[in-house]
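Read the structure below first, then the notes.
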Amino acid sequence: MTDHETIPLTDPASPYDAASAAARWMLVFNGLLCTVKLLFGWLGGSFPLLADGVNNLTDVGISLALFAGLRLAQRPADSEHAYGHGKIEQEIARLMAVGVLITGGLIVVESIRRLPDHHTAPHPAVLVVAFVAIVVKSWMYRYQTRKADDLDSHALRADAMNHKWDVAATTCVLIGAGAVWLGGPTWSHVDDLAALAVGIIMIVIAAQSVYTISSELLDRMPPDHVVNHVRCLASAFPRVQGVDRVVGRRSGLGFFLDLHLEVKADMSVRDAHELGHQVKGWLMAELPEITDIVVHLEPSHSSD
Numbered sequence: 594m595t596d597h598e599t600i601p602l603t604d605p606a607s608p609y610d611a612a613s614a615a616a617r618w619m620l621v622f623n624g625l626l627c628t629v630k631l632l633f634g635w636l637g638g639s640f641p642l643l644a645d646g647v648n649n650l651t652d653v654g655i656s657l658a659l660f661a662g663l664r665l666a667q668r669p670a671d672s673e674h675a676y677g678h679g680k681i682e683q684e685i686a687r688l689m690a691v692g693v694l695i696t697g698g699l700i701v702v703e704s705i706r707r708l709p710d711h712h713t714a715p716h717p718a719v720l721v722v723a724f725v726a727i728v729v730k731s732w733m734y735r736y737q738t739r740k741a742d743d744l745d746s747h748a749l750r751a752d753a754m755n756h757k758w759d760v761a762a763t764t765c766v767l768i769g770a771g772a773v774w775l776g777g778p779t780w781s782h783v784d785d786l787a788a789l790a791v792g793i794i795m796i797v798i799a800a801q802s803v804y805t806i807s808s809e810l811l812d813r814m815p816p817d818h819v820v821n822h823v824r825c826l827a828s829a830f831p832r833v834q835g836v837d838r839v840v841g842r843r844s845g846l847g848f849f850l851d852l853h854l855e856v857k858a859d860m861s862v863r864d865a866h867e868l869g870h871q872v873k874g875w876l877m878a879e880l881p882e883i884t885d886i887v888v889h890l891e892p893s894h895s896s897d
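Structure representation (structure tokens):
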């Protein structure tokens, strides 16, 4: 029993529109932070703040790629992509993470190269910029986390975690700049250690994101709470005698599921067809995160 009708992803109320709006806001704030950090890092003589500015420059790229990916992922299914284009969202997220990984590695190499050198204390404005950036990034993390949870978006969740680690990275900048400003040139190595910490943090969070997203692209099963909810609703539906199994995979912001139900062996084909439509309609109305369900009806082993 199969029904191939799907929820239109281009609907005005589509979660992709909400996710795109969140990505636009992140693009604006990342652009501002990047500009301010690069400017004051250069004028204030702080390599860690420059490195953190480069980190935010990758964030700008992430926001642009995220926005573009979400727009492309909305494209409806066609003859060559029967399951739609939702996985573009995940692939874009993985490419962004690889970019952050490479940038973090370059910052680590440059920080190690600078360690033996002595540097002058950074301008006090560097401390102010770092503190303000921590406050802004903390808000961005909370905002993006809330949106990611509301929409169950893997890309937004990865972006939120990036903001969280940005807070840690900028905190390292603040500590390093403060130590050099108070301790003088003899503490200049602390500034480079702060830049090194920024690079390491970028590498760690990017590697975690690549692993998680790759698992999704390899068709990992939906979360247990989704599968269990489907089982619970389907088993309670009239004339359904049991749920044999539920399998599925994520594509973008939704899930494609195969649901195997047990019904009476003497049920007519017409009745089975109608029941399959009813179960599918009920589940997709109750669980908006489901993009499509293929319902298979099988004779119950307990049928008379």
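All residue numbers for the sequence shown refer to my numbering, where the first residue is 594 and numbers rise by one.
Yeah, the Cβ is synthetic: ideal placement off N, Cα and C, and Gly gets one too.
Check: What are the boundary residues of the alpha helix (DSSP H) that R739 is part of?; Outcome: 717 to 744
Check: Have a look at W875 and A611 and give me their C-alpha separation to the nearest angstrom.; Outcome: 24 Å
Check: Please confirm whether R838 and M860 have their CB atoms less than 9 Å apart.; Outcome: no
Check: Between the beta-carbon of D645 and the beta-carbon of T763, is there less than 9 Å?; Outcome: yes
Check: Can you tell me which residues form a DSSP beta bridge with S844?; Outcome: G847
Check: Mapping DSSP to helix, strand and coil, what is R838?; Outcome: strand
Check: Use the C-beta contact count for R617: other C-beta atoms within 10 angstroms, 16 or more gives buried, fewer gives exposed.; Outcome: exposed
Check: Helix, strand or coil for T713, going by three-state DSSP, please let me know.; Outcome: coil
Check: For L775, count neighbouring C-beta atoms within 10 Å of its own C-beta (all shown protein chains included) and say buried if the count is 16 or more, exposed if not.; Outcome: exposed
Check: Leaving aside the five residues before and after G637 along the sequence, list all residues of the same chain whose C-beta is less than 7 Å from its C-beta, in chain order.; Outcome: P715, H716, A718, V719
Check: Tell me, please, which residues DSSP counts as bridged to H853.; Outcome: R838, H889
Check: Am I right that I796 and L694 are in contact with their C-beta atoms under 8 Å? What's the rounded C-beta distance?; Outcome: 6 Å
Check: Using only the alpha-carbon positions, how far apart do V722 and L625 sit?; Outcome: 12 Å
Check: Say whether the segment 747 to 759 touches the segment 768 to 787, bearing in mind that this needs 3 or more beta-carbon pairs closer than 8 Å, one atom from each stretch.; Outcome: no
Check: Closest by CA to S731, which one among H678, A753, I655?; Outcome: A753
Check: Between which two residues does the alpha helix (DSSP H) containing E882 stretch?; Outcome: Looking at the DSSP string, E882 is not in any alpha helix (DSSP H), and its letter there is neither H nor E.
Check: What do you get for C627, buried or exposed, if any count of 16 or more other CB atoms within 10 angstroms of its CB means buried?; Outcome: buried
Check: For H756, does the count of other Cβ atoms within 10 angstroms reach 16, so buried, or fall short, so exposed?; Outcome: buried
Check: I need the straight-line Cα distance from L708 to I793, nearest angstrom please.; Outcome: 15 Å
Check: Counting only the same chain and skipping the five closest in sequence on each side, list residues whose C-beta sits under 7 Å from that of A800.; Outcome: L694
Check: Under the assumption that V791 contacts V766 (Cβ atoms under 8 Å), give the Cβ distance between them as a whole number of angstroms.; Outcome: 7 Å
Check: Quick check on the burial criterion: 16 or more other C-beta atoms within 10 angstroms. Buried or exposed for S802?; Outcome: buried
Check: With the cut-off set at 9 Å, would you say E891 and L854 are in Cβ contact?; Outcome: yes
Check: Rank H889, L631, T884 by C-alpha distance to the C-alpha of G677 and give the top, closest one.; Outcome: T884
Check: Under the rule that 16 or more other beta-carbon atoms within 10 Å means buried, what is D652, buried or exposed?; Outcome: buried
Check: Do you know offhand how far H674's Cα is from R735's?; Outcome: 35 Å
Check: Take F830 and list the residues in its own chain whose beta-carbon comes closer than 7 Å to its own, dropping the five residues that flank it on each side.; Outcome: V872, W875
Check: Going by the beta-carbon positions, is the gap between V840 and L826 smaller than 9 Å?; Outcome: no
Check: Beta carbon of P641, beta carbon of A770: below 9 Å?; Outcome: yes
Check: If you count every other CB in all the chains shown that lies within 10 Å of the CB of Y609, and 16 or more means buried, which is it?; Outcome: buried
Check: Can you give me the C-alpha to C-alpha distance between P619 and M733, rounded to a whole angstrom?; Outcome: The identity of residue 619 in the sequence shown is Met, whereas the question assumes Pro. Each residue's Cα considered, the two are about 7 Å apart.
Check: What is the DSSP secondary structure of Y804, counted as helix, strand or coil?; Outcome: helix
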